[in-house]
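Going letter by letter, the sequence shown gives residues 86 to 156 in the numbering used here.
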Amino acid sequence: MFLHCKPLRHTGLMHMCLHGYLGFPGSFVGTQDSSLVDWLNRELLEELCEAVSAFSIELTTGAHMRGPDRT
């Protein structure tokens, strides 16, 4: 199914950039990505293949992200 997939030994390609964002070498947000979350899911699928197909990243704003004075 994924003939272009790399072996899992390459899972260390994702890194934290100096500006605090996650990045992949040579990747960029393309026009096919409607959001940064879509870009991240696409990049994870390209880099990790079947290992990442069981989950996806979602943007949430749960109670743990709100301060005590916010509703």
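Glycine included, every Cβ here is placed at the ideal spot set by N, Cα and C. Treat the numbers as computed from the prediction; the structure is a model and nothing was measured.
Take residue i and list the residues in its own chain whose beta-carbon comes closer than 6 Å to its own, dropping the five residues that flank it on each side.
i: F87; result: Because F87 sits at a pLDDT of 48, beneath the cut-off of 50, its placement in the model cannot be relied upon, and the following sentence gives the value as read from the coordinates. Excluding positions up to five away in sequence, the list reads C134.
Have a look at residue i and residue j and give me their C-alpha separation to the nearest angstrom.
i: V122; j: E143; result: 7 Å
i: A136; j: L130; result: 8 Å
i: D118; j: M101; result: 20 Å
i: A139; j: S120; result: 21 Å
Mapping the DSSP letters down to three states, classify residue i as helix, strand or coil.
i: A139; result: coil
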